[in-house]
Amino acid sequence: MTSNIHFVSAGAGSGKTYSLTETLEKMLVSGDVLPHQVMATTFTRLAAGELQERVRSKLIASGQLDLANQVEQSLVGTVNSVCGELLKRFAFEAGLPPDLKVIEEDDNALLLNRAMEAALAQSPGLIDAMNAAATRLDVADHLNGLQWRKQVRDIVKEARANNQGTDEVRAQGVASANSLLAHFRKPSTRDLDAQLLDAVKQAYVAIQATREELGDKTKVTTEYIDKLREAIAALGNGRMKWREWYALVDKGPGKKSREHAEAVQLAAAEVDVHPGLREDIEWFTTQLFEIAAQTMHTYQTLKAGKGLIDFVDQEQRVHALLDISAVANTLREEFKVLLVDEFQDTSPIQLALFLKLSRLIDRVIWVGDIKQSIYGFRGSDPTLMNTVVKQVLRDGNVPEILEYSWRSTPALVSYANALFEPAFANSLQRDQVVLKAKRERSAPPENDQQTIIEVWQLAGGRSLALQASALAAGIAQCVASDRQVFDKNLQQWRPIRFGDIAILCAKHSRLRAIAHQLADLQLPLRYKREGLLQTPEGVLAMACLRRMLDPGDTLASAEIHSLWSCEEPEAWIAQRMDFLHGDAPAAAWLEQQPSHPVASIKAERERLPLLTPVEAIRAAIDAGQVRQAVYRWGPDESQAQHRLNNLSALIAHAEDYEARAATFNEPVSALGLVLWLQQLAEDEDDTQADSGSENAVHLVTHHGAKGLEWPLVIAADLEAALKPRVWGLRVVPEQGEMDLNDPLAGRRLEYWCDFSNERSDSTPLLAQIMQSERAQRANQAEREEKKRLLYVSITRARDALVYPLPVNYKIKADSWMSCVDADLLLPTSKQLALPCGTAIPTAVRDFDKDSEVNYASDIFEPQWIRVPDSAPEFLPLRVSPSSLNVLGDNKDDLDTRARQVSTGEVVELGAPIAVQGSGAADVLGSALHAVIANSIATTLAGEQPAAERILGQYGVLERVEVAAAEACAARFSDHIHQRFAPLSIAAEYPLQFVNAQGQQVQGWIDCLLETEDGWVLIDHKTTQVGESGWQAMALHYAAQLACYAQGIEQASGKPVQSSWVHFALAGAMVELVI
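When we follow my numbering, the leftmost residue of the sequence shown carries the number 100, and every step to the right adds one.
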């Protein structure tokens, strides 16, 4: 089964990309494999491009120019791009149109949310019932509120990643509830709510008396009384949460009042047998899976209706496609090599896909590192990968081990070996963990005792803000010190810079706190954080856009003036009040000041109907002089540049809005953009730009650091407690040996609701659950994943590591750092002795928010490009004649031309044509144009016209009768033959020329007649206008026909004898005398 799979174990920094390049280059040069016979998948588009480019460069360097030119023929890309190419190739076999649009992950999430809401709408009252149950079960977090919709999304995601259908999902809801309720005892028949309420009331009275008699006014007793008061209210109105029952089991008052709480604790402990708890768990769990199944069905329907497909669809379709013998045989003949990069990060459906491909392709190479499998939250399953690797080894395949670390110093490599060789001994062989250092030195020659590992003890107690301030001070002192790092590009040691440092945190909330403190100290940073619309530059730009949309938005005017002028409110409110006492409209404030942004915005507003949302926000920013204003704010060059970058980020969000609307075939507008951006801000997705500076501290999560490296890494949050995995959603594999022919068989989803708020063993029920096999496996899985994440974080460092920890931290058994030998992880003196005998220079340093910071930025002197008072006017390079009648890029010029034109003869051709219903006027006009052109062409050729077919193609059969359209074309044809006796007739005739101003003019002439004396020019219009308005409307198109006449005369040398506007619906022709 796996005899053709060659496994390459590539530890962190072991030169994986170089090894892949060497392997592919050797295969191609040997002639055993041609470029088009290679299929390779990578984790990112960037990695795919890098692999192809490196192979090409290596082939060029070795003189293999022909092979280098053929590298593009190889099928290299992300899993989804490779699947996309296969689906295009075998679209007919897959039963799909070849032009399906693939939606990105962000759009996928939006459409999935729509599908969920549509599914929920089918059951009135379900949302309220789910909210109530989720509230009682406390399925929520303190930041984002109720989380049951997230649970539904997670179920959908895991089900699709494991190739499950809706029926399977529904069945797993009942099974999940039953698996948890199996730990419950028989429910009580007593009224447990009344029992607890009585106990709480008695305790409340007794403890209050004790406070008076014995003076028990301790903080713990005061807090307990508050809890009793809350419990009385909650039990009285039936809104007591189950976690609040368990809290009353755990919590108690001070020692003097403790005896009065015993009855409360005993009554609250009866929650284990409360029938309401059992009912809530069963109903809520079952409904989660039912909603997930309905959401999956609705999601597929929505995608099909819009002609969309997502990444998982691609994988599932290709997985099924490989079962078709014709497809399998074709791939077997065409491909000789399958290379899978970062295989440890593949999802279950991707693994199943790779195993199927492995049965078709002779040579298969899987490259990765189980130690770096950290994306369980994205669907990857290390257990599944481990099973496959073990099977590969059992089949006699000897894995290739990349044994050298090219990234880190010898000291750091030895340190990582000492930490992780014993840590991974339970799952990996020694040679899959231990690396040899390829670099020679661990420190610069002039300072060979430069510290490699440091512990920074941060003052501030539990305050993240104070700890972050202390950390910022530590970073500033580090950069100001004599520390050196090895520059890979220069191949020499040099002083450390901000850009050499990365801070890794477990949560984005910690990153935000650190980013805030770094910014306060004016330290440069690279961090994409949310809150763009709350920044001053975001507020100003949005105010300009709102003011452009609504001249009556006086709040926007006030925001623009306050931020643009930088005046205190007291300075301009009086001016505003004086204006209101005048005769001018309230909304006209500031519009009469020519240099003020509000005046410029007013002038720009006339173009608003012609602008796309992106163009509108660009115009608002330009008219509001936003870039100049925000750059002046400073307070230094780095922050000023960041403000400008934020404006670019705002425009990028606007582009996302248009792109997303295009994906879903939805209309856009500038007002819609405002509402969309406001929703982004509410969802905390309005991300700011990073600093754009190379010399800036990098802030990323531990997960986000994978694949990256820095000279100095600050690995934070190692003291954080491990989170029990017993609760929530989990994929349970089939018992026994996995079938590699069907690796997804028997896998099921299991969800256990955390009804106690992670209270470990306060009651017999919770104790039993925490001792269950599921809990033991789940908690072990959590330790294993955190161990792998710690390996990834530590191996990001090239030269040095820093561990920031609270002052007086203690190593706890359930902390993240306990996944390895914590005593070896954290130095306590000037040297750390490793088991191998190596001694590493280390240090322990103390920092607080008042630690001296020696970093200071340069004095900021903002300068902006001087703009002339009167900017030169430039004509557009290209001109469309049809746009001149409406747009008129140069209105003065258009008016001049219009005054040189008058109307001449007016000819009535017949009765007006009736138009039914409503619809797009341009579509109706195009249809009648086509009918008239077809009538002319078929008459000349002696054929029958096709009015009915044409009207049907344009979808206007219900708006215009076929006979009426034919009559319109016939009377026009009869008239031009009788009136002009043309030598030739041209319909929809192309015209292209360069006018006197050097502009390129390009358009189509509706009807051009050649006569003995010259040309007759006719333009069809379907404008519905009465007889009294014919001549005035004809003059509206004077510039267009004048432009056509200029081009015809320039091209032919013959004069235009007359120009006409044909009002097809009105049944009239009006001559224009130009």
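Heads up, the beta-carbon is just placed ideally off N, CA and C, and yes, glycines get one too.
These numbers were taken from a predicted model, which means no experiment stands behind them.
Reference residue i; option with closest CA among the options
i     : options                      : result
K587  : W809, M126 and L209          : W809
A899  : A942, H1135 and Q879         : A942
A642  : I595, L603, A718 and E1170   : A718
V584  : S982, V638, K402 and L811    : L811
A510  : Q1015, L925, R897 and H396   : R897
R76   : C1142, Q867 and G1003        : Given a span of 100 to 1173 for the chain in the structure shown, any question on residue 76 remains unanswerable.
V436  : I1035, T122 and T786         : T122
L610  : R493, V796 and V830          : V796
K470  : T394, L563, S1034 and T894   : T894
I448  : G1003, N840 and H1135        : N840
T1038 : M1132, D1021, V370 and S1072 : S1072
V891  : L209, E124, E714 and G806    : G806
A515  : L931, R726 and R593          : L931
L420  : A451, E171, Q307 and N525    : A451
A1063 : A728, I1031 and I460         : I1031
Where the beta strand (DSSP E) containing residue i begins and where it ends
i     : result
W505  : Neither: W505 is in no beta strand (DSSP E) and is coded neither H nor E.
V584  : Q583 to D586
E312  : Looking at the DSSP string, E312 is not in any beta strand (DSSP E); the run it does join, the alpha helix (DSSP H), is L291 to L313.
D227  : Element bounds for D227: not the beta strand (DSSP E) but the alpha helix (DSSP H), L225 to L236.
E1170 : A1167 to V1172
H105  : I104 to A109
Q591  : Q591 to P594
Three-way DSSP call (helix, strand, coil) for residue i in this model
i     : result
I1012 : coil
A896  : strand
H801  : coil
D649  : coil
K470  : helix
Y1088 : strand
Q1156 : strand
A997  : Confidence at A997 is low in this model, with a pLDDT of 45, below 50, so the placement of that residue should be treated as unreliable; the coordinate-derived value is given next. Correct three-state label for A997: helix.
P286  : coil
L132  : Correcting the residue type first, residue 132 is Val in the shown sequence and not Leu. V132: coil per DSSP, three-state reduction.
F654  : At residue 654 the sequence reads Leu, which differs from the Phe that was named. Looking at L654 - three-state DSSP - the assignment turns out to be helix.
Y626  : coil
S914  : strand
K535  : strand
F142  : coil
C643  : helix
T941  : strand
Whether residue i touches residue j by CB criterion (7 Å)
i     : j     : result
L749  : A614  : no
L1023 : V1061 : no
I1049 : A1029 : yes
C182  : V417  : yes
N179  : F410  : yes
L774  : A753  : no
T320  : P286  : no
A218  : T397  : yes
T116  : R144  : no
L1164 : Q1123 : yes
Q151  : V128  : no
Terminal residues of the alpha helix (DSSP H) in which residue i lies
i     : result
G272  : T265 to L280
L420  : F410 to L420
A403  : P374 to K405
R847  : Run containing R847: none in the alpha helix (DSSP H); it sits in the beta strand (DSSP E), R847 to W851.
P447  : P447 to S457
M484  : P481 to R493
D1073 : V1061 to F1079
I574  : L563 to A579
Residue-level contact to chain D via CB, residue i, 7 Å cutoff
i    : result
D297 : In the structure shown, chain D cannot be found, because there is only a single protein chain.
Entirely enclosed alpha helix (DSSP H) segments - the region 1097-1152, minimum 4 residues: 1129-1135 and 1137-1151
Could I get the ranges of all uninterrupted alpha helix (DSSP H) runs contained in the region 754-784, with 4 residues as the minimum, in chain order? 769-781
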